[in-house]
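Number of protein chains: 2
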Amino acid sequence: MMRRLSLFGATGSVGQSTLDLVRRDRESLRVSVLTANSDVAELARLALEFRPDLVVIADEKRYDDLKQALAGTNIGVAAGADALIEAAQYPTDLVMAAIVGIAGLAPTMAALEAGVDVALANKEALVSAGELMTAAARKSGATILPVDSEHNAIFQCLAGGRIDQVRRIILTASGGPFRTMSADDMARATPAQAVAHPNWSMGAKISVDSATMMNKGLELIEAHHLFPVGLDRIEILVHPQSVIHSLVEFVDCSTLAQLGSPDMRIPISSALAWPQRMVTPCAPLDLASIARLDFEAPDEVRFPATALCRAAIAEGGARPAQLNAANEVAVAAFLAGRISFPAIVETVRRVIDADAPATPASLQDIFSVDVASRAAAQYLVDHFEHA
Amino acid sequence: MMRRLSLFGATGSVGQSTLDLVRRDRESLRVSVLTANSDVAELARLALEFRPDLVVIADEKRYDDLKQALAGTNIGVAAGADALIEAAQYPTDLVMAAIVGIAGLAPTMAALEAGVDVALANKEALVSAGELMTAAARKSGATILPVDSEHNAIFQCLAGGRIDQVRRIILTASGGPFRTMSADDMARATPAQAVAHPNWSMGAKISVDSATMMNKGLELIEAHHLFPVGLDRIEILVHPQSVIHSLVEFVDCSTLAQLGSPDMRIPISSALAWPQRMVTPCAPLDLASIARLDFEAPDEVRFPATALCRAAIAEGGARPAQLNAANEVAVAAFLAGRISFPAIVETVRRVIDADAPATPASLQDIFSVDVASRAAAQYLVDHFEHA
Numbered sequence: 190m191m192r193r194l195s196l197f198g199a200t201g202s203v204g205q206s207t208l209d210l211v212r213r214d215r216e217s218l219r220v221s222v223l224t225a226n227s228d229v230a231e232l233a234r235l236a237l238e239f240r241p242d243l244v245v246i247a248d249e250k251r252y253d254d255l256k257q258a259l260a261g262t263n264i265g266v267a268a269g270a271d272a273l274i275e276a277a278q279y280p281t282d283l284v285m286a287a288i289v290g291i292a293g294l295a296p297t298m299a300a301l302e303a304g305v306d307v308a309l310a311n312k313e314a315l316v317s318a319g320e321l322m323t324a325a326a327r328k329s330g331a332t333i334l335p336v337d338s339e340h341n342a343i344f345q346c347l348a349g350g351r352i353d354q355v356r357r358i359i360l361t362a363s364g365g366p367f368r369t370m371s372a373d374d375m376a377r378a379t380p381a382q383a384v385a386h387p388n389w390s391m392g393a394k395i396s397v398d399s400a401t402m403m404n405k406g407l408e409l410i411e412a413h414h415l416f417p418v419g420l421d422r423i424e425i426l427v428h429p430q431s432v433i434h435s436l437v438e439f440v441d442c443s444t445l446a447q448l449g450s451p452d453m454r455i456p457i458s459s460a461l462a463w464p465q466r467m468v469t470p471c472a473p474l475d476l477a478s479i480a481r482l483d484f485e486a487p488d489e490v491r492f493p494a495t496a497l498c499r500a501a502i503a504e505g506g507a508r509p510a511q512l513n514a515a516n517e518v519a520v521a522a523f524l525a526g527r528i529s530f531p532a533i534v535e536t537v538r539r540v541i542d543a544d545a546p547a548t549p550a551s552l553q554d555i556f557s558v559d560v561a562s563r564a565a566a567q568y569l570v571d572h573f574e575h576a
Numbered sequence: 190m191m192r193r194l195s196l197f198g199a200t201g202s203v204g205q206s207t208l209d210l211v212r213r214d215r216e217s218l219r220v221s222v223l224t225a226n227s228d229v230a231e232l233a234r235l236a237l238e239f240r241p242d243l244v245v246i247a248d249e250k251r252y253d254d255l256k257q258a259l260a261g262t263n264i265g266v267a268a269g270a271d272a273l274i275e276a277a278q279y280p281t282d283l284v285m286a287a288i289v290g291i292a293g294l295a296p297t298m299a300a301l302e303a304g305v306d307v308a309l310a311n312k313e314a315l316v317s318a319g320e321l322m323t324a325a326a327r328k329s330g331a332t333i334l335p336v337d338s339e340h341n342a343i344f345q346c347l348a349g350g351r352i353d354q355v356r357r358i359i360l361t362a363s364g365g366p367f368r369t370m371s372a373d374d375m376a377r378a379t380p381a382q383a384v385a386h387p388n389w390s391m392g393a394k395i396s397v398d399s400a401t402m403m404n405k406g407l408e409l410i411e412a413h414h415l416f417p418v419g420l421d422r423i424e425i426l427v428h429p430q431s432v433i434h435s436l437v438e439f440v441d442c443s444t445l446a447q448l449g450s451p452d453m454r455i456p457i458s459s460a461l462a463w464p465q466r467m468v469t470p471c472a473p474l475d476l477a478s479i480a481r482l483d484f485e486a487p488d489e490v491r492f493p494a495t496a497l498c499r500a501a502i503a504e505g506g507a508r509p510a511q512l513n514a515a516n517e518v519a520v521a522a523f524l525a526g527r528i529s530f531p532a533i534v535e536t537v538r539r540v541i542d543a544d545a546p547a548t549p550a551s552l553q554d555i556f557s558v559d560v561a562s563r564a565a566a567q568y569l570v571d572h573f574e575h576a
């Protein structure tokens, strides 16, 4: 059966992996919509290859370039934030939400409100607006298929079970590049050290989030929204090899786990083919060669970010959006050499220690919290710099 | 919803664990039938506690004792092999087949032919008569719910998936007490050394099977019957800690695994409650405390049993029944100090190297193969002893 796919964020890493899988299974998958932020040349190239009905470039200034590149084709062309939201409502079977950052939130919400299943690779959207998104999905009947490897693992482990039969969800964490580093050495850690992730090849922002373990804290918030078993039933387990992507323990004390090579095409394919599976070109797991898997409890003294995230989602309301916004500003400041590594999490802590804004009731409220929290974090960063 | 349970082999280890779970969930489980081989006192005690409709003692000589012990109750009493078969057809929702050895085959077949779901803890039945049993289940629509921890793990991993989407089944093996022993030392191994299993507390026969890895070979045969993905898609992986009970790799290279403490009540509860789950008193898995899981490829030079089993099931027909019968005789001879440890597998090899009997078409054929193969093995054992 042919499935139609709308791909938001076609030129990024998840977008490219998605299209790699589509290329191998043109019989079952057809691209209806492609979008990108600003890379017109690549978006046009992909449009000519995949022949979607519609392409959208977020940056309105690139509209003419895109229009010209696709002249003579019958591919529809649009540009701008509103066009992205309209494109999310274009008839399709699955929206792949792979736009990075808060920019992906509005089109993702539009798809969920329209009752379209969403393969969600946009972490920030769910962290900042998890309650609005899950409420929209419940109302419209849309399914959120998580693409993050950890949440996809949990989703797969739950496929045969019911969420009320879950005793515990165990989110695995690599521990990041500083897992064995002393607090003193972390205080002197450089951006170059922080972006060297041991298992996955990732961008600078998410690599730093892995080093602080803020990434795992954000995933804890995501897991809480996606799998509402109660926050005290979601634990973090450090597993340096990142072979087990997460585990679900049921009331009978039977535990299911999903494992795989560190290749994003595995969780992406799981979302694309769900509830079936599709053949991928990924490397099968060779546990005899891997030989050994290690596990340890997280150290929330050296890595306070996960406890901070747990507190933020326990309080709820605007806190997770504040936390996410402050973290983005603090990570950028660290990468620019303006604040120390421990100051990243400290900046976030101070932003969410302020009086709580009102609970966001709309995307507009989320955006307001986001802007205000970025400004607050920026103020603190400037303050750290001059301290 | 109340489920009726007929428990065959109530006084053995799996039977006792089953009743321990029933005791904790009297709201959902009601025992209809209890059977035992010869332990009248314990069977009567259990009957008075669980108040089944019918109890059966296999040993006909104990009928009067059982009748007398249950005098004044309205519990039906019967004895003998035919009574066991009739009891397997007694109205129920699930038969727990926990009789050890070939003695469990006839009642299990009777239940499958009657279309009753069977929780199967009887390894020998499936090894010897797998084709007849799976054919009977297919014909009547009965489901076989495996209770062996490895097969139950695979069954759980498949719950959300389809067998035609399986790329590989990976059966884990502890490697047994002789995993790191040299071939020379194995040649001198004693029964006392062989029965010291590192992870599970088990009887002497299955402990020796674990030491030779014949146990894993028998499980390979079982897996082939239960999960017909093709013999070349079933692999064995040595995993000394026995925490991962087995794994299923799908066509997308995503792998699911089931993990748990070494407590048979976990797979038993899975079969009792399937497709739901029930609360058990088992210890949750604490991977941070376990700290480390190891994996290695099996060494089929030092442990030739698994390759022998693979060859036997590849040839099919009477071979697996021959192999199982010969192994029982050889293990008993080893435990009695009559043959060496390597002579166990060598005896089995010689028995199945003989001309193949006709493919069994009935249980009677299986029993004939069983008897003839035991005689052949006994002849070889006597020969080894005098060599």
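As they're listed, the protein sequences go chains A and Z. Heads up, the first sequence stops at 576 in the working numbering, and the numbers go up one at a time, no gaps. Heads up, the second sequence stops at 576 in the working numbering, and the numbers go up one at a time, no gaps. Yeah, the Cβ is synthetic: ideal placement off N, Cα and C, and Gly gets one too.
Three-way DSSP call (helix, strand, coil) for A:Met190 in this model | coil
Host beta strand (DSSP E) of A:Ala465 (start-end) | The sequence given here places Gln at residue 465 of chain A; Ala does not occur at that position. Unbroken run through A:Gln465: none, as it is neither H nor E.
Should the segment 300 to 310 of chain Z be regarded as contacting the segment 213 to 232 of chain Z, the criterion being three or more beta carbon pairs within less than 8 angstroms?
-> no
Residues in the segment 462 to 476 of chain Z with C-beta within 8 angstroms of chain A's C-beta atoms, listed in sequence order?
-> Ala462, Pro464, Gln465, Arg466, Met467, Val468, Thr469, Cys471, Ala472, Pro473, Leu474, Leu476
May I have the straight-line CA-CA distance separating A:Ala503 from A:Gly319, to the nearest angstrom?
-> 13 angstroms
Whole angstroms is fine: what's the gap from A:Ala148's alpha carbon to A:Ala362's?
-> Here chain A comprises residues numbered 190 to 576, so residue 148 of chain A is not present and cannot be evaluated.
What does A:Phe439 reach in chain Z if we use C-beta pairs closer than 7 angstroms?
-> Arg466
A:Asn263: buried (16+ other C-beta within 10 angstroms of its C-beta) or exposed?
-> exposed
Per-residue DSSP class, three states only, for A:Ser551 | coil
Would you mind sorting Z:Glu216 into buried or exposed? The rule is 16 or more other CB atoms within 10 Å of its CB.
-> exposed
Beta-carbon of A:Met190 versus every beta-carbon of chain Z: anything under 9 angstroms?
-> no
Z:Phe492 versus A:His414: straight-line alpha-carbon distance, rounded = 49 angstroms
Where A:Tyr568 sits in the DSSP three-state scheme | helix
Counting only runs of 3+ residues fully inside the segment 335 to 381 of chain A, write out the beta strand (DSSP E) ranges in chain order.
-> 355 to 362
So, does the CB of Z:Cys442 fall closer than 9 angstroms to a CB anywhere in chain A?
-> yes
Is A:His434 buried or exposed, if buried means 16 or more other CB atoms sit within 10 Å of its CB?
-> buried
Could you check if A:Glu517 is buried or exposed, using at least 16 other CB atoms within 10 Å of its CB as the buried criterion?
-> buried
Three or more C-beta pairs closer than 8 angstroms, one from the segment 344 to 361 of chain Z and one from the segment 421 to 434 of chain Z: is that the case here?
-> yes
Coil, strand or helix - A:Gln447 by DSSP = strand
Of all the CB atoms in chain A, is at least one closer than 9 angstroms to the CB of Z:Pro280?
-> no
Contacting positions in the segment 446 to 461 of chain A - beta carbon closer than 7 angstroms to chain Z | Ala446, Gln447, Leu448, Gly449, Ser450, Ile455, Ser458, Ser459
Under 9 angstroms between C-beta atoms of A:Val245 and A:Pro509 = no
Among A:Leu232, A:Phe439, A:Gly290, A:Cys471, nearest to A:Ala268 - alpha-carbon criterion | A:Leu232
Using a cut-off of 7 angstroms between C-beta atoms, extract the partners of A:Ile479 located in chain Z.
-> Phe484
Per DSSP, which one or two residues make a beta bridge with Z:Ala496?
-> BP columns for Z:Ala496 are empty, so no partner.
Going by beta carbon distance, what residues of the same chain come within less than 7 angstroms of A:Pro531, once the five residues before and after it are set aside?
-> Met375, Ala376
Between Z:Val570 and Z:Ala514, is the Cβ-Cβ spacing less than 9 angstroms?
-> no
To the nearest angstrom, report how far apart A:Ala576 and A:Met402 are at their CA atoms.
-> Confidence at A:Ala576 is low in this model, with a pLDDT of 48, below 50, so the placement of that residue is unreliable and no value is reported for it.
Closest to Z:Pro451 by CA distance: which of A:Cys442, A:Leu448, A:Ser450 is it?
-> A:Cys442
How far does the beta strand (DSSP E) with Z:Val437 in it reach, from first residue to last?
-> 433 to 439
Among Z:Ala276, Z:Glu485, Z:Ala342, Z:Asp282, which one has its Cα closest to the Cα of Z:Leu194?
-> Z:Asp282
In whole angstroms, what is the alpha-carbon distance linking A:Ala164 and A:Val305?
-> Outside the displayed range of chain A (190 to 576) lies residue 164 of chain A, so it cannot be described from this structure.
Return the chain-ordered ranges of every alpha helix (DSSP H) run that is complete within the segment 233 to 309 of chain A and spans a minimum of 4 residues.
-> 252 to 258, 270 to 277, 294 to 302
Quick one: measure Cβ to Cβ for Z:Ala247 and Z:Ala277, integer angstroms, because I've assumed they're closer than 8 angstroms.
-> Contact flag wrong, Cβ pair sits at about 12 angstroms.
7 angstroms Cβ shell around A:Ala393 - same chain, five flanking residues per side excluded | Val384, Leu524
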